[in-house]
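The numbering of the sequence shown is my numbering, which starts it at 103 and goes up by one. In this text, a Cβ means the ideal position worked out from N, Cα and C, and glycines have one as well. Okay, so here's the structure we're looking at.
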Amino acid sequence: MKRLWQLLLGTVCACSLLAATDDPAPPPTADTQAPPSSPAPASAPAPAPASNPKLETPNPTPAINADTPAHVFVIQVRDQITPPVLYVLRRGLKEAIKQNAAAVILDMKTPGGRVDVTLDIMEALDQFPGETLTYVNDEAMSAGALIAGVTDHIYFSPRAVIGAAEVVNSDGKDVGESMKRKVESYLTAKIRAYSETDPRRGEVLEAMMNPKFEFKIGDTVIKPADKLLSLTATEAMRPYGDPPRPLFATGIAKNIDELLTGKYGAGNYRLTTLELTWSERVAQYITTIAPILMGLGLLGIFIEFKTPGFGFFGIAGGILLAIVFFGHYIAGLSGNEAWLFFALGVLLVAVELIFFPGTVFLALTGLALMLGALVWSMTDFWPNEPITLSSGMFTRPLANLLVGIAVSVGGGLLVLRFLPRGWFLDRLVLQAAIGGASTAEDTDAGPGAEATQLGQTGVTVSALRPAGQIKIDGRHYEARVAVGTIDKDVRVRVIGRQGFELLVEEDSGGDDARP
């Protein structure tokens with residue numbers, strides 16, 4: 103009884119940390135210009151016939167309501183485009199939706215990154231109902247260029263560069279020609295889908311991705327074949343076409359405040375920047391290793407139910423699973439509902455084991471709730487939108503769950519196979535088969551120990567409610583009480599066998615055997 107209550111208390115208390123971890127509202131902050139960098143573009147576009155670009159800010163745009171300044175939410179995109187960047191951006195977008203922000207600005211400085219994460223970021227940006235803007239501060243190379251290309255407007259710092267988005271391996275080497283064609287074809291189609299209202303933007307992005315693509319506007323060759331397109335701020339603002347309009351930029355601004363002053367007018371906007379707390383920075387990486395943590399947590403709970411003791415493994419397993427919930431909650435994937443359902447599942451399992459042993463229904467329901475809560479915590483739901491269930495949204499969560507279960511099963515097999523003999527293995531495994539040979543060597547029993555016989559007496563080493571473990575002649579056995587329950591350290595008598603368990607009853611002829 104004590105061990106089960108400790109397991110339940112440890113899991114619920116650990117999960118309850120989520121309820122106390124309310125994210126603070128991101129405070130308004132002033133933006134400062136990042137130190138400029140000057141990587142050389144792969145290919146500069148040909149100049150337009152009559153073009154004299156200069157630093158520009160966009161024409162003022164009235165605020166949505168003259169009495170209400172436009173609320174603008176800033177999300178920083180820094181370093182490599184990897185899963186942590188996706189989680190930060192997703193979290194920021196959901197926070198912006200909750201705060202009814204009119205626009206989101208990606209404050210971008212990235213050399214590029216993973217294609218799969220880039221596609222996920224594109225889909226996440228598509229969920230935001232307001233305007234999306236990119237401020238290139240001061241580079242958006244490779245994957246960064248593709249992300250900027252799907253936002254509504256692109257602004258540049260004076261020394262910013264963008265482009266060179268050819269697909270390469272993670273080590274920077276070329277991918278195989280066949281695979282490269284497939285990936286580029288898919289990316290080009292995605293870009294066209296996102297830029298249907300501005301076909302020129304799609305052509306610019308294709309020129310950044312495909313070195314064989316010749317990009318022309320009228321008779322002017324912007325990028326010849328066999329080169330990749332990269333643009334500086336002034337080149338992106340250079341006008342082309344009839345009527346002439348900037349090639350790839352909406353404007354140039356020294357910082358975000360100057361950008362917004364030009365767009366909305368001085369004093370007509372309210373700026374909020376997503377500030378990452380220490381817990382959010384940790385959560386970025388928790389989500390990456392979530393399947394492993396999940397597997398270890400499930401393994402800890404399994405060990406707890408198989409061993410008598412003070413509940414260490416159960417509490418540790420509960421804490422690991424709570425960390426999984428915590429990471430996905432902070433990453434913006436789940437709310438409070440998932441861990442509440444998980445705690446309810448643990449409660450149902452504990453109720454069956456303590457009060458209604460053998461009914462099975464409560465335990466199965468509890469297990470289903472626990473596994474469902476784990477999947478729920480990894481599923482991406484967006485605020486202010488109806489929940490539309492589809493197989494695609496559960497693909498990655500279910501894959502993570504299967505990996506977690508595989509880690510748990512593999513860990514259990516390793517424990518049984520490779521751990522040295524001692525107190526842990528003695529408590530974890532059945533040390534003697536019912537009516538046969540021992541399944542694990544035991545230093546307390548001699549090599550000639552006989553099989554357990556009916557009528558032998560022993561002592562419970564864990565409470566039987568109705569199942570547990572007993573010790574007979576220094577060896578541990580799985581046992582089950584026929585009727586009712588029996589506490590720990592009580593003398594029992596073997597009255598039969600049931601499957602792989604001994605069937606016992608309390609031995610009324612002897613006193614409690616307290617060590």
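Member of the options whose CA lies at the smallest distance from the CA of residue i
i, options, result
"residue 258", "242, 475, 266", "242"
"residue 468", "593, 450, 300, 348", "450"
"residue 205", "212, 235, 218, 473", "235"
"residue 598", "590, 562, 557, 575", "557"
"residue 579", "569, 227, 210", "569"
"residue 286", "498, 357, 308", "308"
"residue 335", "237, 380, 415, 372", "237"
"residue 692", "499, 383, 170, 265", "Only positions 103 to 617 of the chain appear in the structure, and residue 692 is not among them; the question remains open."
"residue 187", "199, 213, 219", "219"
"residue 591", "326, 560, 315, 355", "560"
"residue 193", "576, 226, 589", "226"
"residue 189", "376, 350, 348, 355", "376"
"residue 395", "278, 577, 503", "503"
"residue 348", "306, 357, 361", "306"
Contact under 8 Å by Cβ, residue i with residue j
i, j, result
"residue 581", "residue 571", "yes"
"residue 374", "residue 175", "yes"
"residue 191", "residue 229", "no"
"residue 181", "residue 212", "yes"
"residue 280", "residue 251", "no"
"residue 510", "residue 404", "yes"
"residue 447", "residue 392", "no"
"residue 475", "residue 444", "yes"
"residue 338", "residue 311", "no"
"residue 217", "residue 247", "no"
"residue 256", "residue 317", "no"
"residue 327", "residue 314", "yes"
"residue 355", "residue 364", "yes"
Distance, residue j Cα to residue i Cα
i, j, result
"residue 472", "residue 505", "16 Å"
"residue 604", "residue 610", "18 Å"
"residue 261", "residue 369", "27 Å"
"residue 215", "residue 201", "30 Å"
"residue 359", "residue 240", "15 Å"
"residue 172", "residue 372", "6 Å"
"residue 481", "residue 223", "15 Å"
"residue 378", "residue 210", "16 Å"
"residue 513", "residue 416", "15 Å"
"residue 184", "residue 329", "27 Å"
"residue 380", "residue 453", "37 Å"
"residue 232", "residue 283", "34 Å"
"residue 606", "residue 589", "13 Å"
"residue 499", "residue 199", "24 Å"
"residue 346", "residue 269", "31 Å"
"residue 179", "residue 249", "10 Å"
"residue 463", "residue 271", "50 Å"
"residue 515", "residue 383", "34 Å"
"residue 574", "residue 562", "9 Å"
"residue 170", "residue 421", "45 Å"
"residue 362", "residue 442", "42 Å"
"residue 414", "residue 263", "55 Å"
"residue 278", "residue 465", "51 Å"
"residue 457", "residue 577", "29 Å"
"residue 197", "residue 357", "23 Å"
Rounded Cβ spacing between residue i and residue j (contact assumed at less than 8 Å)
i, j, result
"residue 478", "residue 440", "4 Å"
"residue 594", "residue 608", "6 Å"
C-beta neighbour in chain D for residue i, strict 8 Å
i, result
"residue 465", "As a matter of chain content, chain D is missing from the structure shown, which is built from one protein chain."
- [ ] Count the CB pairs spanning the stretch 383-396 and the stretch 281-296 that are closer than 8 Å, and state whether there are at least three.
- [x] Not touching, per the Cβ criterion.
TODO: Could you tell me whether the stretch 335-343 touches the stretch 312-323, using the rule of 3 or more Cβ pairs below 8 Å?
DONE: Contact between the stretch 335-343 and the stretch 312-323 is present, because at least three Cβ pairs lie under 8 Å.
TODO: Answer yes if the stretch 205-220 comes into contact with the stretch 298-312, meaning at least three C-beta pairs across the two stretches below 8 Å, and no otherwise.
DONE: Under the Cβ criterion (8 Å, minimum of three pairs), the stretch 298-312 does not count as touching the stretch 205-220.
Open item on the list: With three or more beta-carbon pairs closer than 8 Å as the criterion, would you say the stretch 389-400 touches the stretch 413-427?
Closed with: With the cut-off at 8 Å, the stretch 389-400 and the stretch 413-427 touch.
- [ ] Say whether the stretch 558-568 touches the stretch 585-593, bearing in mind that this needs 3 or more beta-carbon pairs closer than 8 Å, one atom from each stretch.
- [x] Taking 8 Å as the limit for Cβ pairs, the verdict is that the stretch 585-593 does touch the stretch 558-568.
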